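**Student:**
Number of protein chains: 2
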Amino acid sequence: MSDYQPRIQDMQFVLSNVLGAPDQLKALPAFDEVDADLMQQVLEEAGKFVGEVVAPLNRDGDEIGAKWQDGKVTMPPGFQSAYQMFWQAGWPALSAAPEDGGQGLPSVLEIMLYEMLSAANHGWTMAPGLLHGAYECIKHYASPSLQETYLSKVGTGEWLATMCLTEPHAGSDLGLSRTKATPQADGRYALNGTKIFISGGEHDLTDNIVHLVLARLPDAPPGPKGLSLFLVPKFYPNGERSAVHCDRIEEKMGLHGSPTCVMRFDDALAEIIGEPGKGLNAMFVMMNAARLHVAMQGIGLLDAAWQKADAYARERRQMRAPAGQEVKPKSAAEADFIIEHPAIQRILNTQRAWVDGGRVLAYQTAVELDRIKHADKDTAAQSQRWCALVTPVMKAAFTHQAFHGGSDCLQVLGGHGYVREWGIEQIVRDARVAMIYEGTNEIQAIDLVVRKIMADGGQSLNQLLDDMKAQSQTETAEATQLRKLTQSIVSAAPQDPSLGHRVADDYLRAMALVMLQWAWQRIDAALDAQTPELKSRWQAPSKAFRQWVLPEFAMRSHIIETQCQAA
Amino acid sequence: MSDYQPRIQDMQFVLSNVLGAPDQLKALPAFDEVDADLMQQVLEEAGKFVGEVVAPLNRDGDEIGAKWQDGKVTMPPGFQSAYQMFWQAGWPALSAAPEDGGQGLPSVLEIMLYEMLSAANHGWTMAPGLLHGAYECIKHYASPSLQETYLSKVGTGEWLATMCLTEPHAGSDLGLSRTKATPQADGRYALNGTKIFISGGEHDLTDNIVHLVLARLPDAPPGPKGLSLFLVPKFYPNGERSAVHCDRIEEKMGLHGSPTCVMRFDDALAEIIGEPGKGLNAMFVMMNAARLHVAMQGIGLLDAAWQKADAYARERRQMRAPAGQEVKPKSAAEADFIIEHPAIQRILNTQRAWVDGGRVLAYQTAVELDRIKHADKDTAAQSQRWCALVTPVMKAAFTHQAFHGGSDCLQVLGGHGYVREWGIEQIVRDARVAMIYEGTNEIQAIDLVVRKIMADGGQSLNQLLDDMKAQSQTETAEATQLRKLTQSIVSAAPQDPSLGHRVADDYLRAMALVMLQWAWQRIDAALDAQTPELKSRWQAPSKAFRQWVLPEFAMRSHIIETQCQAA
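Those protein sequences? They're chains A and B, same order as listed. Each residue of the first sequence is one higher than the one before, counting from -8 in our numbering. Each residue of the second sequence is one higher than the one before, counting from -8 in our numbering.
1) What are the start and end residues of each continuous beta strand (DSSP E) run of 3 or more residues lying completely inside the segment 417 to 465 of chain B, in chain order?
2) Pick from P215(A), R500(A), H236(A) and L339(A): whose alpha carbon is nearest that of L271(A)?
3) Give the range of the alpha helix (DSSP H) segment to which F188(B) is assigned.
4) Less than 6 Å between C-beta atoms, sequence neighbours within five positions excluded: which residues of the same chain meet that for A510(A)?
5) Put S134(A) into one of helix, strand or coil per three-state DSSP.
6) In the segment 38 to 115 of chain A, which residue ranges form an unbroken alpha helix (DSSP H) of at least 4 residues, counting only runs that do not cross its ends?
7) By the DSSP assignment, the alpha helix (DSSP H) with M502(A) in it spans what residues?
8) So, with DSSP's three-state summary, where would you put V381(A)?
9) Using a Cβ-Cβ distance under 8 Å, would G406(B) count as near chain A?
10) Which residues in the same chain as H131(B) place their Cβ atom closer than 7 Å to its Cβ, once the five residues preceding and following it in sequence are excluded?
11) Taking the beta strand (DSSP E) that H202(B) falls in, what are its first and last residues?
12) Can you list the residues of chain A that H492(B) reaches, using a CB-CB cut of under 9 Å?
13) Hey, does A302(A) have any beta-carbon neighbour from chain B nearer than 8 Å?
14) Which residues, in chain order, does the segment 424 to 442 of chain B contribute to contact with chain A at a C-beta distance below 8 Å?
15) Using the beta-carbon count (16 or more within 10 Å), is D369(A) buried or exposed?
16) Exposed or buried, which one is N49(B) when buried takes at least 16 other CB atoms within 10 Å?
17) Using 8 Å as the threshold, is the C-beta distance between Q342(B) and A326(B) below it?
18) Take the Cβ of D361(A) as the centre, count every other Cβ of all protein chains shown within 10 Å, and call the residue buried at 16 or more, exposed below.
19) Is there at least one Cβ from chain B nearer than 8 Å to K243(A)'s Cβ?
20) Return the first residue and the last residue of the beta strand (DSSP E) that P645(B) is part of.
21) N343(B) touches chain A at which residues, Cβ-Cβ below 9 Å?
22) Note down the Cα distance separating A546(B) from W82(B), rounded to an integer number of angstroms.
23) Cβ closer than 7 Å: which chain B residues qualify as neighbours of D496(A)?
24) Can you pull out the residues from the segment 381 to 413 of chain B whose beta carbon lies closer than 8 Å to at least one beta carbon of chain A?
25) Which residues, in chain order, does the segment 534 to 557 of chain A contribute to contact with chain C at a C-beta distance below 8 Å?
26) If the cut is a Cβ gap below 8 Å, which residues of chain B does P209(A) touch?
27) The alpha helix (DSSP H) that contains L525(A), what's its start and end?
28) Can you tell me whether DSSP reads P485(B) as helix, strand or coil?
29) Step through the CB atoms of chain B and report whether any lies within less than 8 Å of the CB of A296(A).
30) Can you look up L156(B) in the DSSP assignment and give me helix, strand or coil?
31) I need the straight-line Cα distance from L541(B) to L499(A), nearest angstrom please.
32) In terms of alpha-carbon separation, which member of R537(A), D421(A) and T553(A) lies closest to K534(B)?
33) Would you verify that the beta carbon of Q472(A) is, or is not, closer than 8 Å to some beta carbon of chain B?
34) Do the segment 292 to 310 of chain B and the segment 392 to 399 of chain B make contact, defined as three or more Cβ pairs closer than 8 Å?
35) For S398(B) versus V419(B), is the C-beta spacing smaller than 8 Å?
36) Is Q309(A) close to chain B? Criterion is C-beta to C-beta, closer than 8 Å.
Below, the structure is given as structure tokens:
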């Protein structure tokens, strides 16, 4: 079965026809020279690179995988040369600032690029996927001299970067981290400790690797406020090798193309980034962008799984479909294409409903990220609200869907889905990790409900829904109900400290469905002016959303109400 | 992390306290010597064998897997000797008839044995799992001379068996099969064709392998009615090797301990089983038992995943749990056990709700299977109704839950769940196949709704619900609503030939929830007489069922109603 191929036309329709993103962006001074043609051109070039260079390496990435020997990691065949082509063509620096060697283009193009890359080859994409956060972190917090050495190297992707956060006993709870930073006479710090689950901690894609490491100064208080952020490269500017060692890589369910490293810091000399005790702040500055990247992995992988299932369903014949019995002469073939069977149509259209609607939300979120940077204060505050509330919803909902909906797509292939030959089981295995990293999906839900919704008594949620209502000119019953649920939680919470935690997953799902409903309203509105063929492409998933996806809202609403009543 | 260990006490509680199965069985003349003590003893011995011999081989089964070379398959380390111990101890023949070398014990013991085996080592368990169907098939349809040679060999498990049904272009649609059977002068048939996805088509566990093969006689009509069933062994009684070849084994997502073979029949001399053109009937006779076996894989694998998640949640500390803040002095530890966090409790108790409730349904179904064979005609008809309706529901619902709920259990381990070291990702990969084989879950749903519910206008569904009502002395609102939904589908279907197919998945889920609700009513009733400790063990999943699982019913009901109205 053929590799994933980006379908630029579908993505472009959401970007331009549904969202009018080029016009939204043109209104920002930073992008006054960006127009629909330029964006289209970038996307087409990106699609070509992804389809021709990155997608064909996916199978070997899984089957051969990254290999560790004596502290060195050899990446799967073709990964290195593809990466060298990638950074030299300027792709990692698409939205980086021109003064750092970037192209200064809108974030939405970067987001769309990563959607395609993740769909084509999740393992390979992990490598450049991490440099964007590191770039932002160095740009905002590092000293001028550190920036001099590292900013454009990381910003352009010439060197790749890691985020060294997790330790064996400190997963979701970074406050438990124990890695020590001991001040040295020369103003540097000696790092000692072990970090685990470090994606790309060691590899042969680039000449150097820049590690950003959370560690604790000798006098630091326990907990998250005692953490500072440090930078230590694989090779120092003088060419000397640092005392950062990759002790092994993990055997995993999937994502074999990305080495997940155990990193040992053995008196590794590092420099501090930002102020002591502010390490988590520096990490959190890039959190919304990083979570949106992970949401794009979800959308991309689900689209890749859908492509395989759709192609299979159009060439495989099994049994008579119930509707087909009426219209088709019995003599035509022994059986109908399985895409004519209602169970298969439901799976395919439901997953399209998630992918298409997800793109609306994701691309708009990327526009909001640019507004936070470049728009006036009021607009930026509104955009900040969108990103704060919508990003955890997207991260959790779309990584969930990539795995569970990807499994539904696998089901379309029957036994052929379970064997490696067709490549769809790899997608399901690869996708599973995205529900865990960058904050587990349960933590996204707690972040949303406890830290964001409850923290301001539901005010920003109501404002977000007001903004959405203004754009779609109507408010659905579900959106109104979400306001009521929010009020119920906020009212009941003071008597019941665990209520927010108990309803967090349901609330996140309910909100995801309201967001997706809004996305489909926008798509439906954009269809009015279109040709019948184009309409029929989008109407099937629109109907699937209403028939099969949205009914979950009432279930979540019921669960939340019951919990609030029991509070 | 330690291997799966059967928890006989939990299983025993369902068998005896909840269902009173020993008394139910004692009422059948065939089992008048069976009592609770004997059953307990068999289960404890079985648990010991599973925990000590089979479970420790699971990791190697996955990582080393079955290996093919030059047509021969070598099973993973330890598999052969464990299997030899297994059959020599009489385990495969637990419920086989004494005259065939069996022990003549109730089916429920076999079902409970296979639940434990699947939980311990799904790959290994595939080998003996298939012999039961083959034994029944030979017993009911083969000629006396074939029975003379094969019946007790297969019944005792001395020789293993396969079911050769699927072909490259004929998966769910067996009617498309093309393998040919050409009559020979000596009364035998020469088979020619290729079968795929043949579990255990070749291996080194036993001296001989008995293949049951669907093929088409020269004058056979097209479609399912042209299929006949044949038997061809790997070695004929005279020691000669048959022309059945294993051309390769599949690379799969999981289940690496079970070789999935491509089998080529190259003028392989076979004998017919039963009448020409009745091949599918012979296969279908064992369908309910085979599907129940697959449902047990689901229950067992989910229990195994739950065990790992539960153990991890009791030793891993991360962050403060909201309820814990109140009661625990801050000084006790840096963080709470994750089992104190609501999100983790929800996952663990929800999966227990499925496992515990599933056991009630499965063990009762096994009792009904014995009633079909041994009870009076009226009771047997009632049992037949139970099995016909409940078995597809269980196969689909519990294999679905093993994968999706198993993935939830994986989530409890965070990043540690995604690495191979902890063994839980293997469970999720292994479990995925059970949603596909023995009839995909979508086909189970169509079988239930179109072939069983709609075929008699909902009559047998109503009778089943009457029987359930008689046993639990009350009918829930959900059960009453299921009757209404059934009536709506039956009324609307004549105008809308695809309605049954469109609502099949939702109907199966709705029915699964009604069945599980009934199971939990039975458990709750059995708790009245118990100690507080034992009550608390069962009350948490009981509450989880009502809070988190049952609300799906209203969603399914809404979807079905909407489809009926649109009909």
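Every residue gets a Cβ at the ideal spot worked out from N, C-alpha and C, and that includes glycine. Because the structure is a prediction, the values reported are computed rather than measured.
**Tutor:** With the given structure in hand:
1) Listed in chain order, nothing qualifies, since the segment 417 to 465 of chain B has no complete beta strand (DSSP E) run of 3 or more residues.
2) Among P215(A), R500(A), H236(A) and L339(A), the Cα nearest to that of L271(A) belongs to P215(A).
3) Here F188(B) belongs to no alpha helix (DSSP H); instead the beta strand (DSSP E) covers Y180 to S190.
4) Excluding sequence neighbours, A510(A) sits near G348, V351 and L352.
5) It is coil, neither helix nor strand.
6) Along the length of the segment 38 to 115 of chain A, whole alpha helix (DSSP H) runs at least 4 residues long occupy 49 to 54, 70 to 79 and 98 to 111, reported in chain order.
7) That run of the alpha helix (DSSP H) goes L490 to L518.
8) It is helical.
9) Yes - at least one Cβ of chain A is within 8 Å of the one on G406(B).
10) Spatial neighbours of H131(B) in its own chain (CB-CB distance under 7 Å, excluding positions within 5 residues in sequence) are listed in chain order as V276.
11) For H202(B), the enclosing beta strand (DSSP E) stretches over residues I200 to R207.
12) The answer, in chain order, is A312, P313, A314, H332, P333 and A334.
13) No, its Cβ sits nowhere closer than 8 Å to a Cβ of chain B.
14) Considering only beta carbons, the part of the segment 424 to 442 of chain B lying closer than 8 Å to chain A consists of V424, M426, I427, Y428, T431, N432, E433, A436 and I437, in chain order.
15) Of the other Cβ atoms in all chains shown, fewer than 16 fall within 10 Å of the Cβ of D369(A); this residue is therefore exposed.
16) Around the beta-carbon of N49(B), 16 or more other beta-carbon atoms lie within 10 Å, marking it buried.
17) The beta carbons of Q342(B) and A326(B) sit no closer together than 8 Å.
18) Looking at its Cβ environment, which holds 16 or more other Cβ atoms inside 10 Å, D361(A) is buried.
19) Closer than 8 Å: yes.
20) With chain B covering -8 to 558 only, the question about residue 645(B) has no answer from this structure.
21) Checking the sequence, you will find Arg at residue 343(B) rather than Asn. Identification of chain A residues near R343(B) by a Cβ-Cβ cut-off of 9 Å yields none; the smallest Cβ-Cβ distance measures about 17 Å.
22) Position check: residue 546(B) holds Met in this sequence, whereas Ala was assumed. Approximately 43 Å, taken between the alpha carbons.
23) Those within 7 Å of D496(A) in chain B are A334.
24) With the criterion set as a beta carbon lying under 8 Å from some beta carbon of chain A, the members of the segment 381 to 413 of chain B are F394, H395, S398, L401, Q402, G405, G406, H407, G408, Y409, V410, R411 and E412, in sequence order.
25) Absence of chain C from the displayed structure is noted, the protein chains being A and B.
26) None at all; the shortest Cβ gap to chain B is about 18 Å.
27) Membership of L525(A) in the alpha helix (DSSP H) is indicated by the continuous run P523 to A535.
28) Helix.
29) Not an interface residue.
30) Reduced to three states, the DSSP call for L156(B) is coil.
31) Rounded to the nearest angstrom, the two C-alpha atoms are 19 Å apart.
32) K534(B) has its Cα closest to that of T553(A), out of R537(A), D421(A) and T553(A).
33) For Q472(A), no Cβ of chain B is located within less than 8 Å of the residue's own Cβ.
34) Counting Cβ pairs under 8 Å, three or more are found: they touch.
35) Yes, the pair counts as a contact, with Cβ atoms nearer than the cut-off.
36) Chain B contact via Cβ: present.
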